[in-house]
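Line order of the protein sequences matches chains C and G.
Numbering-wise, the first sequence is residues 0 to 332 according to numbering that gives the first Met the number 0.
Numbering-wise, the second sequence is residues 0 to 332 according to numbering that gives the first Met the number 0.
2 protein chains.
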Amino acid sequence: MTQKNQQILLARRPSGAVDERDFRLVETDVPQPAEGQFLVRNLFLSLDPYMRGRMSDAKSYAKPAEVGEVMVGGAVGEVVASRHPKFKPGDKVEGPFGWQLYALTDGKGVRKIEDRGIPLSAYLGVLGMPGVTAYIGLLDIGQPKAGDTVVVSAASGAVGGVVGQIARIHGCRAVGIAGGADKCRFAVEELGYDACVDYKAGRLDEELRRAVPSGVDVYFDNVGGEISDAVLLRMNAFSRIPLCGLISEYQHPEPRGLRNVRSLLVNRIKLQGFIVSDHLQRWPAALADLSRWVSEGKIKYRETVAEGLRNAPAAFIGMLSGKNLGKQVVKLS
Amino acid sequence: MTQKNQQILLARRPSGAVDERDFRLVETDVPQPAEGQFLVRNLFLSLDPYMRGRMSDAKSYAKPAEVGEVMVGGAVGEVVASRHPKFKPGDKVEGPFGWQLYALTDGKGVRKIEDRGIPLSAYLGVLGMPGVTAYIGLLDIGQPKAGDTVVVSAASGAVGGVVGQIARIHGCRAVGIAGGADKCRFAVEELGYDACVDYKAGRLDEELRRAVPSGVDVYFDNVGGEISDAVLLRMNAFSRIPLCGLISEYQHPEPRGLRNVRSLLVNRIKLQGFIVSDHLQRWPAALADLSRWVSEGKIKYRETVAEGLRNAPAAFIGMLSGKNLGKQVVKLS
């Protein structure tokens with residue numbers, strides 16, 4: 000065990016696009032667990048779009064990260080010292096350990112990972128918060144029926160990539176929207192989307208119309224903005240929109256919003272914003288199904304891996320502008 | 000019975016604001032019922048915001064009115080000749096009789112009005128489509144609990160005026176938004192709203208904040224646009240938005256939409272567009288409750304009455320710009 004911890008702090012609140020100078024790397028001593036605590040050495044750090052919200056102090060569902068404190072985020076790691084009755088050295092765990100090499104915890108929000116032969120980093124993606132978000136948003140809020148057309152924005156991302164595959168498992172036609180030919184090819188060829196529209200090709204309306212000839216029954220929305228406005232024009236009567244994220248808005252101080260709100264009315268659409276942590280009672284069922292589907296090869300996933308804690312800010316900034324394919328993680332060890 | 004019918008036709012489709020020249024008054028012969036039909040002499044014509052949508056040929060939930068045909072709309076009238084087994088001369092009826100003095104019908108969509116001592120025009124408002132819209136939108140979609148704060152846009156209109164009173168009956172705090180001091184006074188003093196914000200006074204954000212100190216649990220939205228954006232900033236976690244109309248948008252070729260969509264996400268709001276005709280199974284319960292509340296004096300209503308069919312276009316245009324108080328009707332006899 001090294002004698003030093005490394006941590007990335009929130010140095011200041013960004014206005015608009017995140018900048019590397021919004022973060023600061025510091026070295027500190029490795030802390031020792033008190034009674035009831037244990038020490039985790041992080042192996043993989045999760046980077047997720049919601050973290051952009053935590054950097055801001057606008058009212059939200061969770062309290063913001065504080066300037067000068069360690070950036071918040073999930074990680075998987077290994078217990079290296081413990082004075083907690085339920086966790087012992089060698090245990091693999093996932094939890095809110097933050098952007099640092101070592102984390103002290105009392106076990107709140109921590110789950111133990113049993114070895115099923117699935118790589119540890121998957122517990123930050125398909126078998127973690129993004130996978131459960133896809134599952135609950137699509138199945139509980141979107142309520143797809145076999146034969147429905149499900150459209151997914153950010154289709155090659157950590158959440159969207161799972162949504163399309165669950166839709167296919169439920170007998171739906173899955174149509175993705177992603178930025179660039181590579182992401183679209185990945186969505187169709189690896190994730191099994193029936194079609195994928197490249198919004199960067201500049202013909203979103205036209206290609207979307209062609210990709211959803213019978214309209215859209217469920218729109219799983221990760222992005223908002225112009226892409227969602229285009230989808231709104233294709234929604235069917237009584238369709239559903241699980242609203243999961245608004246990544247197109249996070250980097251702009253002034254919101255663009257949605258223009259085609261009329262579609263919500265004339266098509267009697269149910270749109271519902273949701274946050275996966277409101278649905279804790281659904282996590283066990285979601286993770287059981289997702290683990291089975293991954294083991295059976297019915298759900299595939301891809302990761303973009305950055306190396307080393309000091310590269311986390313750049314990887315995070317890249318993810319916010321769509322540079323990742325699948326789940327973005329940082330390998331720490 | 001006069002020998003001539005008068006009808007108002009859709010002369011052309013408006014682009015943007017409706018103009019009197021979009022309509023044309025014609026005289027035709029009074030038709031005679033064939034077997035299975037009956038003839039109605041209209042007494043009151045209903046004017047409603049949704050008719051603006053029917054004048055356009057944009058895709059919507061109902062097919063558009065056709066250029067050269069009689070304008071669509073509900074009316075109450077009296078059966079004057081019948082070859083239909085269930086309707087006889089003298090019966091009072093409400094149905095989709097259109098903008099004309101006489102209408103032939105086979106009875107589809109027609110309900111017979113029993114004399115309960117309530118004025119006939121009320122069956123176009125509080126005891127008709129607008130009242131049922133208020134009931135279903137607030138109770139079924141908004142799902143208010145006692146103690147909730149319910150905000151209603153177009154609070155003094157045919158729908159909004161009923162929403163606030165049903166909210167009060169269910170133990171909620173009802174806060175209206177209306178255009179002008181007179182409408183706000185009417186909303187508070189006659190309809191019993193706890194407070195009303197005049198959006199024309201130019202301090203919507205500030206006055207709304209003061210009027211809803213514990214935030215908004217249900218926002219019954221009739222208008223969209225800037226008003227809805229202001230309310231979105233005050234919504235509570237897990238609040239609901241029954242979306243009933245977008246009158247602020249109907250007169251603009253380019254939609255403005257909503258900017259504060261982020262609130263839908265961070266507050267996990269359920270927004271649902273609805274059309275009252277999708278919920279026919281709920282009409283009997285709604286009308287039974289509404290009739291009882293009107294008879295008991297628990298629900299009050301006001302009408303703005305135009306005189307004579309030829310004044311219907313001007314009254315309709317006035318209603319679209321907010322000149323009416325309560326339900327806008329045209330007295331025909």
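Think of the CB as a built atom: it goes at the ideal place given N, C-alpha and C, for glycine as much as any other residue.
Fair warning: this is a prediction, and the values are worked out from it, not measured in the lab.
Counted within 10 angstroms of its Cβ, other Cβ atoms place residue i as buried (16 or more) or exposed
| i | result |
| --- | --- |
| Asn310(C) | exposed |
| Phe22(C) | buried |
| Tyr300(G) | buried |
| Phe43(C) | buried |
| Phe96(G) | buried |
| Gln280(C) | exposed |
| Gln142(C) | exposed |
| Ser290(G) | buried |
| Arg267(C) | buried |
| Ser332(G) | exposed |
| Pro48(C) | buried |
| Gln2(C) | exposed |
| Glu253(G) | exposed |
| Ala284(C) | exposed |
| Gly108(C) | exposed |
| Glu302(G) | buried |
| Phe237(G) | exposed |
| Asp114(C) | exposed |
| Ser336(C) | The requested residue 336(C) does not occur in the structure, where chain C is confined to residues 0 to 332. |
| Arg348(G) | A question about residue 348(G) goes unanswered here, because the residues of chain G that appear run from 0 up to 332. |
| Ser262(G) | buried |
| Gly67(G) | exposed |
| Gly307(G) | exposed |
| Ala173(C) | buried |
| Gly89(C) | exposed |
Spatial distance of residue i from residue j (CA atoms)
| i | j | result |
| --- | --- | --- |
| Glu93(G) | Cys183(C) | 55 angstroms |
| Ile333(G) | Ala16(G) | Given a span of 0 to 332 for chain G in the structure shown, any question on residue 333(G) remains unanswerable. |
| Gly175(G) | Ala194(G) | 6 angstroms |
| Met54(G) | Gly178(G) | 25 angstroms |
| Ile226(G) | Gly201(G) | 11 angstroms |
| Ser276(C) | Asp181(G) | 46 angstroms |
| Lys330(G) | Ile240(C) | 43 angstroms |
| Leu103(G) | Ser59(G) | 26 angstroms |
| Lys111(G) | Leu264(C) | 30 angstroms |
| Asp18(G) | Ala313(C) | 57 angstroms |
| Leu138(C) | Leu286(C) | 13 angstroms |
| Ala210(C) | Val196(C) | 8 angstroms |
| Glu65(C) | Gln250(C) | 19 angstroms |
| Asp288(C) | Leu24(C) | 39 angstroms |
| Leu9(G) | Gly72(G) | 12 angstroms |
| Asp204(C) | Arg12(G) | 26 angstroms |
| Ala121(C) | Gly170(C) | 25 angstroms |
| Ser304(C) | Ser45(C) | Note that residue 304(C) corresponds to Val in the displayed sequence, not to Ser. Roughly 10 angstroms separates the two Cα atoms. |
| Gln31(G) | Asn235(G) | 57 angstroms |
| Asp28(G) | Leu119(G) | 26 angstroms |
| Lys199(C) | Lys322(C) | 13 angstroms |
| Glu248(C) | Val293(G) | 47 angstroms |
| Arg233(G) | Gly272(G) | 20 angstroms |
| Lys87(C) | Ile168(C) | 38 angstroms |
| Pro129(C) | Val158(C) | 5 angstroms |
| Val187(C) | Ile140(C) | 24 angstroms |
| Asn41(C) | Glu26(C) | 15 angstroms |
| Arg51(G) | Gly127(C) | 49 angstroms |
| Val75(G) | Ile298(C) | 59 angstroms |
| His278(C) | Ala61(C) | 15 angstroms |
Nearest-angstrom beta carbon gap, residue j and residue i [assumed within contact, 8 angstroms]
| i | j | result |
| --- | --- | --- |
| Ile7(G) | Val69(G) | 7 angstroms |
| Leu319(C) | Ile246(C) | 7 angstroms |
| Cys243(G) | Thr148(G) | About 18 angstroms separates the two Cβ atoms, so there is no contact after all. |
| Leu190(G) | Lys326(G) | 12 angstroms between Cβ atoms; not a contact. |
| Leu333(C) | Leu270(G) | Outside the shown range of chain C (0 to 332) lies residue 333(C), about which nothing can therefore be said. |
| Val215(G) | Val230(G) | 6 angstroms |
| Gly163(C) | Tyr192(C) | 5 angstroms |
Cβ-heavy atom distance, residue i to the ligand NAD, below 6 angstroms
| i | result |
| --- | --- |
| Ala157(C) | Of ligands this structure carries none, so the ligand NAD is not represented either. |
Q | Stretch pair the segment 65 to 85 of chain G + the segment 31 to 44 of chain G: three plus CB contacts closer than 8 angstroms | A | yes
Q: State whether the segment 150 to 159 of chain G contacts the segment 207 to 227 of chain G, with contact taken as three or more CB pairs (one from each stretch) at a distance under 8 angstroms.
A: yes
**Q.** Contact list for the segment 261 to 289 of chain G against chain C, Cβ threshold 9 angstroms
**A.** Arg261, Ser262, Leu263, Leu264, Val265, Asn266, Arg267, Ile268, Lys269, Leu270, Gln271, Gly272, Phe273, Ile274 and Asp277
Q.
Beta carbons nearer than 7 angstroms to chain G: which residues of the segment 28 to 41 of chain C have them?
A. none
**Q.** Selection of the segment 182 to 198 of chain C by Cβ proximity to chain G, strictly under 8 angstroms
**A.** none
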